[in-house]
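Just below is one structure, and these are the notes that go with it.
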Amino acid sequence: MSLDGLGLRKLREKVAFGLLRLAMLVVVGALGGILLHVVLQGAGVLGWRFLTDVPREAMTQGGIFPAIVGTLYLTAGALLVALPLGVSAAIYLSEYAREGKTLAVVRLGIGNLAGVPSVVFGLFGLGLFVVFFKMGVSLLAGSLTLGLLILPTVIGASEEALRQVPSTFREASLALGATRWQTIRKVVLPAALPGILTGSILGLGRAAGETAPIMFTAATFYSLRLPESPFSQVMALPYHIYVLATAGTHIEQTRPLQYGTVLVLISLVLGLSLFAIIIRTRMRRTKKW
Amino acid sequence: MGPAALSEPNRLHGSKTRREKWIQRFFLAAGGFSVLAMLLIVVFLFKEGIWLFATVSIPDFLFGQAWYPTYDPADFGIASLIVGSLAVTAVSSLIAVPLGVAVALYLAEVATHRVREWMKPAVELLASLPSVVLGFVGMVVLAPLMQEWLDIPSGLNILNASLMLAIMAIPTITSISEDALHAVPRELKEASLALGATRWETLTRVLLPGALSGIGTGVILGMSRAMGETMVVLMVAGGAAQIPSSIFDSVRPLPATIAAEMGETPFGSEHYYALFAIGMVLFLITLGFNLVAAHISRRYQQKGASTL
Chain A
85 MSLDGLGLRK
95 LREKVAFGLL
105 RLAMLVVVGA
115 LGGILLHVVL
125 QGAGVLGWRF
135 LTDVPREAMT
145 QGGIFPAIVG
155 TLYLTAGALL
165 VALPLGVSAA
175 IYLSEYAREG
185 KTLAVVRLGI
195 GNLAGVPSVV
205 FGLFGLGLFV
215 VFFKMGVSLL
225 AGSLTLGLLI
235 LPTVIGASEE
245 ALRQVPSTFR
255 EASLALGATR
265 WQTIRKVVLP
275 AALPGILTGS
285 ILGLGRAAGE
295 TAPIMFTAAT
305 FYSLRLPESP
315 FSQVMALPYH
325 IYVLATAGTH
335 IEQTRPLQYG
345 TVLVLISLVL
355 GLSLFAIIIR
365 TRMRRTKKW
Chain B
-3 MGPAALSEPN
7 RLHGSKTRRE
17 KWIQRFFLAA
27 GGFSVLAMLL
37 IVVFLFKEGI
47 WLFATVSIPD
57 FLFGQAWYPT
67 YDPADFGIAS
77 LIVGSLAVTA
87 VSSLIAVPLG
97 VAVALYLAEV
107 ATHRVREWMK
117 PAVELLASLP
127 SVVLGFVGMV
137 VLAPLMQEWL
147 DIPSGLNILN
157 ASLMLAIMAI
167 PTITSISEDA
177 LHAVPRELKE
187 ASLALGATRW
197 ETLTRVLLPG
207 ALSGIGTGVI
217 LGMSRAMGET
227 MVVLMVAGGA
237 AQIPSSIFDS
247 VRPLPATIAA
257 EMGETPFGSE
267 HYYALFAIGM
277 VLFLITLGFN
287 LVAAHISRRY
297 QQKGASTL
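Same order as they appear, the protein sequences are chains A and B.
Under the working numbering, the first residue of the first sequence is numbered 85, with each subsequent residue one higher.
Under the working numbering, the first residue of the second sequence is numbered -3, with each subsequent residue one higher.
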């Protein structure tokens, strides 16, 4: 009888684990399905001309070169803002901060900044950078907005990387008479650098794919020219997808271009993420300490 | 390391010590920058949004059901927009919470090492899918399918938006829940198995209760993400400012309203201020979610076997 009971319990386990596996397959299947669909639909459009030409014939023909360049500029600008700030904040958190009120407030700030909806970042960027600082709708305003948006990501990744540097490294350096800053600059930072860069790449991917924060701060519907200065408006891949899919008068006609743009954006964003994940896995395997 | 020892004054290296102090202050300022950014966000949302309340009362704004911002006279009631946001958040949670937690359980306790090595990056990649891409897929692929299969007037509705939002929320829920499951002390699991419990019984009666606060945090952060997400609801939720009566109805959630209308709104108009006021509401709602999540993770943290 007890064996029957055990048998029943084992059976229940089997069924339950089967359901969990099914959930995993559903989630991975969703990712796979989306990727496969976009690749199949978009691959035909992709070509040298699509990548290097400007939009033509009311955006029903031609390519997306200005949008690619715009997204690269915006993303690079965001990183320029977020990397120095984020790494410095992480150095504070990992190397200087002690338990207490100040640290609690700083952590609360970072945690809540990470939870601010992207469209609110857009409003904020509009209010502060575009209007108050009179930057106008521009590459600069968009980069600053995106930089703030990815700041928590960069801080989180950098702090984790700094914390993984063994304390013996620091102690050895301090014991040799180095000051705390010398220790951080010459010992801790170099050891944490690969981890910091990996995290930054993840932030980069996020910045490249965001739409709402740049809608009112940087993006323009249509531009034949590449941005000439930080105060130019720019086209951007995510915004281009949104515009072609919703606002055009030739929605059906531009469908192939939409898929092509989605494929380019996904390749860029997932490529960056995949790159970061692979480096991280490899680093964990070969870590010297 | 012993940081205190180094900040002690040192007569020989007075200037060096002073320099170290300034460097420390610099990094404190960098750390505090996020707090400043939060404050600035609050200031700039309120600075613009507050002007709406010169002409519209707060109850009329929050509870009014008519959103006709471009009519004359205009109506700025956002009740239907709030309900729209709550609807997509609730329905997407119904989909994302069971799936997200199940995936976490699978990754933490069932999957072999090899499977986990592949599946964890897959979940991370899902998290990095740009929202505009999910909006596009919902609009171009799912909506026509839904319209045909379910025989409904439009595939752009609560259900479609919720499915796409669920895809965005699942990675958040999964990764935080999985961390929480791993944080449950190993000896609890081993004790349960040693008593003859099956792995499934151990999972549901020992690991799951032990990780509950972490899972709760993940669920709330996932919901907060769904609530604040813009592009999916902008492209897929349909956009009608109405109180929905079924999941096949079209809604106009708060973020979608801001994103759709800000482009055509004259700077400094009543409508412009109203959109900032909506931003305030959205900000406060998600801030509430995040504070609750932070509270749960602090308050109910499993600190070791002894607190069970």
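Don't be surprised by glycine CBs; every beta carbon is placed ideally from N, CA and C.
(1) Which residues in chain B sit within 8 Å of residue 211 (chain A), going by Cβ to Cβ distance?
(2) Using a C-beta to C-beta distance shorter than 9 Å, which residues of chain A count as neighbours of residue 17 (chain B)?
(3) Please report how far the alpha carbon of residue 44 (chain B) lies from the alpha carbon of residue 179 (chain A), in whole angstroms.
(4) Could you check how far apart the C-beta atoms of residue 203 (chain A) and residue 226 (chain B) are, in whole angstroms? I think they sit under 8 Å.
(5) Can you check whether the C-beta of residue 97 (chain A) is within less than 8 Å of a C-beta belonging to chain B?
(6) Taking the alpha-carbon of residue 116 (chain A) as reference, which of B:97, B:62, B:115 has the nearest alpha-carbon?
(7) According to DSSP, is residue 23 (chain B) helix, strand or coil?
(8) Suppose the cutoff is 7 Å on Cβ atoms and the five residues either side in sequence are ignored; what does the same chain contact list for residue 169 (chain A) look like?
(9) Interface residues of chain B around residue 289 (chain A) at Cβ under 8 Å?
(10) Cβ closer than 7 Å: which chain A residues qualify as neighbours of residue 20 (chain B)?
(11) In this structure, how does DSSP classify residue 262 (chain A) when only helix, strand and coil are distinguished?
(12) Residue 85 (chain A): buried (16+ other C-beta within 10 angstroms of its C-beta) or exposed?
(13) Helix, strand or coil: which one does DSSP assign to residue 188 (chain A)?
(14) Quick check on the DSSP output: what are the complete beta strand (DSSP E) runs of length 3 or more inside the stretch 264 to 294 of chain A, in order along the chain?
(15) So what does DSSP say about residue 195 (chain A), is it helix, strand or coil?
(16) Looking only at C-alpha atoms, which of A:272, A:302, A:360 sits nearest to residue 220 (chain A)?
(17) Where does the unbroken alpha helix (DSSP H) through residue 247 (chain A) begin, and where does it stop?
(18) Identify the residues that DSSP records as bridge partners of residue 60 (chain B): which are they?
(19) Taking only beta-carbon positions, decide if residue 346 (chain A) is within less than 8 Å of chain B.
(20) Between which residues of its own chain and residue 127 (chain B) is the CB-CB distance below 8 Å, once the five residues before and five after are set aside?
(21) Please check if any C-beta of chain B sits within less than 8 Å of the C-beta of residue 218 (chain A).
(22) Using only the alpha-carbon positions, how far apart do residue 255 (chain A) and residue 102 (chain B) sit?
(23) Provide the residue(s) that pair with residue 234 (chain B) in DSSP beta bridges, ordered along the chain.
(24) Quick one: grab the DSSP three-state call for residue 143 (chain B).
(25) Ignore the nearest five residues each way along the sequence and tell me which others in residue 222 (chain B)'s own chain have a CB closer than 6 Å to its CB.
(26) Could you check where the alpha helix (DSSP H) with residue 117 (chain B) kicks off and where it finishes?
(27) Going by DSSP, what residue range makes up the alpha helix (DSSP H) through residue 88 (chain B)?
(28) Going by CA-CA distance only, name the one from A:283, A:93, A:250, A:153 that's closest to residue 363 (chain A).
(29) Measuring straight from C-alpha to C-alpha, what distance separates residue 37 (chain B) and residue 279 (chain B)?
(30) Taking C-beta pairs closer than 7 Å, name the residues in chain A that residue 164 (chain B) reaches, listed in chain order.
(31) Compile a chain-ordered list of the residues in the stretch 250 to 266 of chain B whose CB is closer than 8 Å to at least one CB of chain A.
(32) Taking the alpha carbon of residue 238 (chain B) as the reference point, which residue from B:232, B:230, B:247, B:231 has its own alpha carbon closest?
(33) Let me know if residue 145 (chain A) comes out buried or exposed under the rule of 16 or more other beta-carbons within 10 Å of its beta-carbon.
(34) When the Cα of residue 258 (chain A) is compared with those of A:229, A:272, A:245, which residue comes out closest?
(35) Is it right to say residue 110 (chain A) is buried, meaning 16 or more other beta carbons lie within 10 angstroms of its own, or is it exposed?
(36) Once DSSP output is grouped into helix, strand and coil, what is the label at residue 132 (chain B)?
Well, looking at it:
(1) By Cβ distance, chain B contributes 40, 41, 43, 44, 272.
(2) Listed along the chain, the chain A residues whose CB falls inside 9 Å of the CB of residue 17 (chain B) amount to none; the nearest CB is some 10 Å away.
(3) 39 Å
(4) 4 Å
(5) yes
(6) B:115
(7) If DSSP states are grouped into helix, strand and coil, residue 23 (chain B) belongs with the helices.
(8) 235
(9) 124
(10) 180
(11) coil
(12) Unreliable positioning characterises residue 85 (chain A) in this predicted model, as indicated by a pLDDT of 45, which lies under 50. A coordinate reading is not provided.
(13) In the structure shown, residue 188 (chain A) sits in a helix (DSSP, three-state: H, G or I).
(14) none
(15) helix
(16) A:302
(17) Its alpha helix (DSSP H) spans residues 223 to 247.
(18) Paired residue(s): none; residue 60 (chain B) is not in a bridge.
(19) At least one CB atom of chain B sits nearer than 8 Å to the CB of residue 346 (chain A).
(20) Correct list, in chain order: 164, 225, 226, 227, 228.
(21) no
(22) 41 Å
(23) B:247
(24) helix
(25) 85, 88, 161, 165
(26) 109 to 124
(27) For residue 88 (chain B), the enclosing alpha helix (DSSP H) covers residues 75 to 101.
(28) A:283
(29) 9 Å
(30) Residues of chain A passing the Cβ test: none, with the nearest at roughly 11 Å.
(31) Residues passing the 8 Å Cβ filter: 251, 254, 255, 258, 259, 263.
(32) B:247
(33) exposed
(34) A:272
(35) Residue 110 (chain A) is exposed by the Cβ-count criterion.
(36) helix
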